[in-house]
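Following: one structure in structure tokens, then a few remarks.
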Amino acid sequence: GAGVSQSPRYKVAKRGQDVALRCDPISGHVSLFWYQQALGQGPEFLTYFQNEAQLDKSGLPSDRFFAERPEGSVSTLKIQRTQQEDSAVYLCASSVTGPTTQETQYFGPGTRLLVL
Amino acid sequence: GENVEQHPSTLSVQEGDSAVIKCTYSDSASNYFPWYKQELGKRPQLIIDIRSNVGEKKDQRIAVTLNKTAKHFSLHITETQPEDSAVYFCAAVEYGNKLVFGAGTILRVKS
Chain A
3 GAGVSQSPRY KVAKRGQDVA LRCDPISGHV SLFWYQQALG QGPEFLTYFQ
53 NEAQLDKSGL PSDRFFAERP EGSVSTLKIQ RTQQEDSAVY LCASSVTGPT
103 TQETQYFGPG TRLLVL
Chain B
22 GENVEQHPST LSVQEGDSAV IKCTYSDSAS NYFPWYKQEL GKRPQLIIDI
72 RSNVGEKKDQ RIAVTLNKTA KHFSLHITET QPEDSAVYFC AAVEYGNKLV
122 FGAGTILRVK S
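Just so you know, the sequences run in chain order A and B. First residue of the first sequence? That's 3 in my numbering, and the numbers climb one at a time after it. First residue of the second sequence? That's 22 in my numbering, and the numbers climb one at a time after it.
Below is the structure:
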């Protein structure tokens, strides 16, 4: 079946612009995660959804970052007034169930964001 | 919160040799430890995982060992092949299924 998909794959933004990154998880997956991966580093947690509920947003670096999953499937990560330090790959992952079991997280290909 | 350290940062081996990557974690409550392989420009892909009630797990040429007392776990790849060249990340799970990753190991298999 189809895996996790993300769009766009690449995004170039001018400093100060707003961007929206989309994630389509595997159909039926309850949990959805966003991670930020800087060049040469491991992914870092941003936020977590169980269905439409955002249960953890402790990793969002500032109030310029906002994520939503209104119908419990597709999710959007929005970054307002982008800064150069926001340049990174943004990875989305989904897993079958909720947080009570340790389930495999399946990653999307990522959106590479470059802020000029 | 959880902190995961991974070493070495780079590892070069000759084709056919074994490769070992080690990770330590800080939170004794963590109980799930996946390993991901990421090729350049590609998504991280799970290659093996281990839960804290198990000390070792094998899948063909790949094995993972876990020492809960010492809070460290290791990835072992035997009979390495050029296609094993990639960046490998270890991770530990905090509450809520949140993955905390190590910084990664660049593995180069020379043919």
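Glycine included, C-beta positions come from ideal geometry on N, C-alpha and C.
- Going by C-alpha positions, F51/A is about 9 Å away from K59/A.
- When the beta-carbon positions are compared, V41/B and F122/B stay at least 8 Å from each other.
- Taking a beta-carbon distance threshold of 8 Å, Y12/A does not count as an interface residue toward chain B.
- Looking only at L41/A, F67/A, H31/A, the smallest Cα-Cα distance to T78/A is reached by F67/A.
- For the pair R11/A and Y57/B, the Cα-to-Cα distance works out to about 21 Å.
- Interface flag for F51/A against chain B is unset, since no Cβ pair is found closer than 8 Å.
- The C-beta of D65/A has fewer than 16 other C-beta atoms within 10 Å across all chains shown, which makes the residue exposed.
- Interface criterion not met: the Cβ of G74/A is under 8 Å from no Cβ in chain B.
- Counting C-beta atoms within 10 angstroms of its own C-beta, S97/A has 16 or more neighbours from the protein chains shown and is therefore classed as buried.
- Residue contact with chain B for T106/A: present (Cβ-Cβ distance below 8 Å to some residue of chain B).
- Just measuring C-alpha positions, the residue of L67/B, P65/B, L96/B, F110/B sitting nearest G76/B is L96/B.
- Pairing L116/A with V14/A gives a Cβ-Cβ distance under 8 Å.
- Shown here for E36/B: same chain residues with a beta carbon closer than 8 Å to its own, the five before and five after excluded, namely T101, Q102, P103, V130, K131, S132 in chain order.
- With 16 or more neighbouring CB atoms inside 10 Å of its own CB, H31/A falls in the buried class.
- Pairing L118/A with Q39/A, the inter-Cα distance amounts to about 18 Å.
- According to DSSP, residue pairing for R72/B in a beta bridge involves Y53/B.
- One finds G42, Q43, G44 in chain A with Cβ atoms closer than 9 Å to the Cβ of A124/B, taken in chain order.
- Nearest C-alpha to V91/A among R17/A, R83/A, E46/A, Q19/A: E46/A.
- The residues T31, V108, in chain order, have a CB closer than 6 Å to that of I127/B in the same chain once the five nearest residues on each side in sequence are set aside.
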